[in-house]
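Enquirer: Okay, here's the structure, questions in a sec.
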Amino acid sequence: MNTPAHAIFNLALLGRKQRPEWNPLIIWGAVIPDLSMFGFYVWMRLGTDIPERQIWRVEYFRPAWQLVFDSFHSIPLALMGLVVMLKAKRTGIALLFASIALHALEDLPVHHDDAHRHFLPFSNFRFISPVSYWDVNHFGAIAGPIELGLMLIASIYLFSRVRSRWTKGLLIIANALPLLSYLWFSALD
């Protein structure tokens, strides 16, 4: 699932109109699991001369990188953080961990070759979904547009709930980026 979709879905599911101060924590929780992959990509592009194709077909799948990516997608680790923060009565931080866990759960049904080990440190099991949100060999041509449609529906729901123009602008940008990316890659095929 694309990162903006996680932010929109998690805000729609966890956000409360009467507690807008929690929204940034929910959004950060939705984004945190993918930050290591963004860092990886920036490093590979700017810090090495490795070709794009090799970055995603070889380097991404190296065991050390996979451990980093999978740790940030660990449901047990996110739930531990959630429980600790609930016991400490830190609801906002608890929502951040809930959003991290939700991100991982949202990824389960739409990752095939790039499935994470969502149950680290207790298991190395990877749920290999028959569906991929991006890979056309695994229904990506169907899953991608469905994801974009669901993002739009969730954004319409959120648009009336968020107060600031800044947040409304971010919703528009969060929908535009994956749509433009989808259209760009569709045109290349």
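For the sequence shown, the UniProt record's numbering begins at 1 and goes up steadily by one.
Where a beta carbon is used, it is the ideal one built from N, C-alpha and C, also for glycine.
Everything numeric in this text was worked out from a predicted model, so none of it was measured.
Alpha carbon to alpha carbon, how far is V83 from L177? Give it in angstroms, no decimals.
Expert: For L177 and V83, the distance between alpha carbons rounds to 34 angstroms.
Enquirer: Which residue's Cα is closest to the Cα of residue 203: L170, T3, V110?
Expert: Residue 203 is absent from the structure shown; the chain starts at 1 and stops at 189.
Enquirer: Check for me: the alpha helix (DSSP H) holding D70 runs from which residue to which?
Expert: Per DSSP, D70 belongs to the alpha helix (DSSP H) from 63 to 72.
Enquirer: Work out the CA separation of L11 and A5 for me, nearest whole Å.
Expert: Their backbone Cα atoms lie some 10 angstroms apart in a straight line.
Enquirer: Alpha helix (DSSP H) containing F40: first to last residue?
Expert: Here the alpha helix (DSSP H) through F40 covers 23 to 47.
Enquirer: Using the three-state DSSP reduction, which class does L120 fall into: helix, strand or coil?
Expert: Coil, per DSSP.
Enquirer: With H, G and I counted as helix, E and B as strand and the rest as coil, what does DSSP make of V131?
Expert: In this structure, V131 counts as coil in the three-state DSSP scheme.
Enquirer: Could you say which of A101, F127, W56 lies nearest to M80 if we only look at CA atoms?
Expert: That would be A101, whose Cα lies nearest to the Cα of M80.
Enquirer: How far does the alpha helix (DSSP H) with E59 in it extend, from its first residue to its last?
Expert: That residue, E59, is in no alpha helix (DSSP H); it is neither H nor E in DSSP.
Enquirer: Whether or not the segment 108 to 123 and the segment 68 to 75 are in contact is what I'm after, with contact meaning three or more pairs of Cβ atoms, one per stretch, closer than 8 angstroms; do they touch?
Expert: Verdict: yes, contact present.
Enquirer: Check K87 in the structure and name its three-state DSSP category.
Expert: It is helical.
Enquirer: Does the contact criterion of 3 or more C-beta pairs under 8 angstroms hold for the segment 82 to 99 versus the segment 14 to 31?
Expert: Cβ pair count under 8 angstroms is three or more, so yes.
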